[in-house]
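Worksheet: the structure to be examined is printed underneath.
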Amino acid sequence: MRGLSDKRVIVTGSGRGIGRGIARRLAEEGAVVVVNDVVEENAEETVSLIESDGSEAITGIADVADFDAVETMVSETVDELGGVDVLVNNAGWDRIEWFTEQDSSVWDRLIDVNLRGQINCSRAVADYFVDSGTEGSIVNISSDAGRVGSSGEAVYAGCKGGVIAFTKTLARELARNNVNCNVIAPGPADTPLVAEMREDSELGDKILGSMENQVPLGRMAEPEDIAGAVAFMASEDAAFVTGQVLSVSGGLTMVG
């Protein structure tokens, strides 16, 4: 991809799974990656993997649901790396349960991580972009559940739909600053989180297994599949792309 070399990129939730795949791919393209996670051990493991690949990365430990912590992480990134060029809002969490059987405390966590977290990080980085005159890029990870709905994921799907609407509005507002904002919407992916959801409940295994069986390309996504799409949106190859949603689901959802 053009224009990723030496870019300073924050990838939230990149201690494992899709986030780790994104962080490693962007580092491979020459970016300097800030590996954000709430679990320091996971973040350090991703940094070690990136460094073993011969690329550069640092940790950025923060809970994305805590705006003060996010502001501190962004400020420390600017101090250490001299700025930020790209934000990838990847941090996410899910639990598969019927809506009428789900405790409201689960809703709080779903909203805090999947929606509020992206709003917090986008605001902190957008403030930096506007104040510094940086023509940056924000890539938000939603889900095809946010486009078409998904049984057992009512609040999660609502959050991911909110991410899409939020990103489109942000793209309109930040266009005057030459900041691009786009969405990647994965389908089911082979990640530790999905494995945990399948192990946690019979319902989770049933729903996720059904999704996998319906993918036209015959498999779940791998983190690397998502990472390639993110690399494109973060690169100069997508310089004239903003406010768009790209589905990476193996054809599971085909929305016009």
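The sequence shown begins at 0 in numbering that gives the first Met the number 0 and counts up by one. Yeah, the Cβ is synthetic: ideal placement off N, Cα and C, and Gly gets one too.
Given residue i as reference, the closest of the options once Cα atoms are compared
i    : options                : result
G217 : A230, A194, A188, A238 : A188
E44  : V63, E235, G186, G18   : G18
K159 : G186, E134, V77        : G186
R24  : A237, F239, A226       : A226
T133 : A42, S47, E198, V77    : V77
D67  : S121, N41, E198, S47   : S121
Whether residue i touches residue j by CB criterion (8 Å)
i    : j    : result
G336 : S4   : In the structure as shown, the chain starts at 0 and stops at 255, and residue 336 therefore has no counterpart that could be examined.
A144 : T241 : no
I57  : V33  : yes
I95  : M196 : yes
N88  : I21  : no
V69  : A123 : yes
W267 : G151 : Since the first and last residues shown for the chain are 0 and 255, residue 267 lies out of range.
E27  : S51  : no
V154 : I110 : yes
D224 : V247 : yes
Alpha carbon of residue i to alpha carbon of residue j, nearest angstrom
i    : j    : result
R108 : A61  : 16 Å
W106 : M0   : 38 Å
G2   : K205 : 42 Å
D65  : A156 : 22 Å
V85  : G161 : 21 Å
V10  : L202 : 31 Å
T99  : Q117 : 26 Å
N176 : S200 : 46 Å
V229 : G249 : 16 Å
E211 : G148 : 16 Å
R260 : A90  : Residue 260 falls outside the range modelled here, since the chain spans only 0 to 255, and no answer is possible.
V214 : T252 : 8 Å
V129 : A194 : 40 Å
L207 : N181 : 26 Å
V31  : S74  : 16 Å
D36  : P191 : 15 Å
Q101 : E198 : 18 Å
S136 : A238 : 9 Å
A42  : S103 : 29 Å
S47  : S142 : 28 Å
Within-8 Å CB hit, residue i to chain D
i    : result
A174 : Structure shown: chain D not included; a single protein chain is present.
Cβ distance (whole Å) where residue i is taken to contact residue j below 8 Å
i    : j    : result
Y127 : V83  : 6 Å
R7   : L114 : That belief does not hold up - the Cβ atoms of R7 and L114 are roughly 25 Å apart, past 8 Å.
A170 : R146 : Wrong, their Cβ atoms sit about 17 Å apart, outside the cutoff.
V112 : V63  : 7 Å
Given 8 Å, three or more beta-carbon pairs between the segment 165-173 and the segment 226-236: no
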